[in-house]
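In this note's numbering, the protein residues as written are 7 to 222. Notes to accompany the following structure.
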C-alpha cells in the first residue's frame, strides 16, 4: 500500500460509524476495522463505506495486522467498542502489532481504573494509551462531541489539532476538548459527567411526578 492514512478507527457500531464520518468530513484519511464473526458480522466496514458518502475514501478491514499497517507512523488509533471484555481482548491483540510512539485511544466508557492499568501495559510496548470520554451521543459523535482525554501529555499534543476539528464548539467557537491529566483522568471525568447527567434526570423526573400528583 503506497499511501497510508492518518487515523484508524476500530468498531463500526453507531458511535464508531458516526465518529468516522466526522473525521472524514473534516479532511482526515481513515482506516476502518470491524471484527469478522461468520454469519453475524461480515464486511461491516465495507457496508458502512457504501452506506455513507463521507466514507467513500476510507479503507475497510476485517483483520488487525493489515489495518495497523495501513496507518502512517506514529499511528493514531481510536477504539469505539463496548467497555469490558471486548475492549480488553482488542487491546491484547493490537498492542503486539504496534510500534514505539504509536497512540492508542479508548473512546468507550471504560472504568478509569481499567484505563490506568492499560496505560501501564501499553508502556511496556512503547505505546501511549489514552482514555477519552466522548459526550454527546450519536449526534454528537457525528456533528461534534465533547472530548475528555487523559494519559500522556505529549501524546495529547500530537493529536490535539486533529481532535479539535471534530470536537463540538462552544458559543465562542472554541473546541470542547481538553487534556485532564495523566492515566485514567479522562475516563474519570466522564464517569463524573455521567453521574451528574443521571442526577439531573432523576431530579427532572421527581419534579414531573410532583407536578402530576398536584394536578390530580
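Yeah, the Cβ is synthetic: ideal placement off N, Cα and C, and Gly gets one too. Owing to the predicted nature of the structure, the values given are computational and were not obtained by experimental measurement.
Which residue's Cα is closest to the Cα of residue i: the options?
i           : options               : result
residue 158 : 131, 139, 189 and 169 : 189
residue 147 : 122, 165 and 174      : 174
residue 67  : 48, 79 and 84         : 48
residue 29  : 198, 18, 60 and 195   : 60
residue 34  : 149, 172 and 95       : 172
residue 52  : 18, 149, 145 and 112  : 18
residue 78  : 57, 106, 44 and 69    : 106
To the nearest whole angstrom, what separates the beta carbons of residue i and residue j, a pair I think is in contact under 8 angstroms?
i          : j           : result
residue 65 : residue 37  : 4 angstroms
residue 76 : residue 10  : 6 angstroms
residue 71 : residue 110 : The Cβ separation is near 15 angstroms, so there is no contact.
Report yes if the CB atom of residue i is closer than 8 angstroms to the CB atom of residue j, and no otherwise.
i           : j           : result
residue 39  : residue 55  : no
residue 128 : residue 101 : yes
residue 197 : residue 118 : yes
residue 108 : residue 151 : no
Apart from the five residues just before and just after residue i, which ones in its own chain have a Cβ nearer than 6 angstroms to its Cβ?
i           : result
residue 191 : 156
Can you say whether residue i is buried or exposed, counting buried as having 16 or more other CB atoms within 10 angstroms of its CB?
i           : result
residue 160 : exposed
residue 41  : buried
residue 14  : buried
residue 163 : exposed
Take residue i and list the residues in its own chain whose beta-carbon comes closer than 7 angstroms to its own, dropping the five residues that flank it on each side.
i           : result
residue 116 : 89, 93, 137 and 193
residue 186 : 154, 155, 156, 192 and 195
residue 216 : Residue placement at residue 216 is flagged as unreliable, the pLDDT there being 45, under the threshold of 50; a coordinate-derived value is accordingly withheld.
Counting only the same chain and skipping the five closest in sequence on each side, list residues whose C-beta sits under 8 angstroms from that of residue i.
i          : result
residue 85 : 16, 17, 93, 96, 97, 110, 111, 112, 113 and 114
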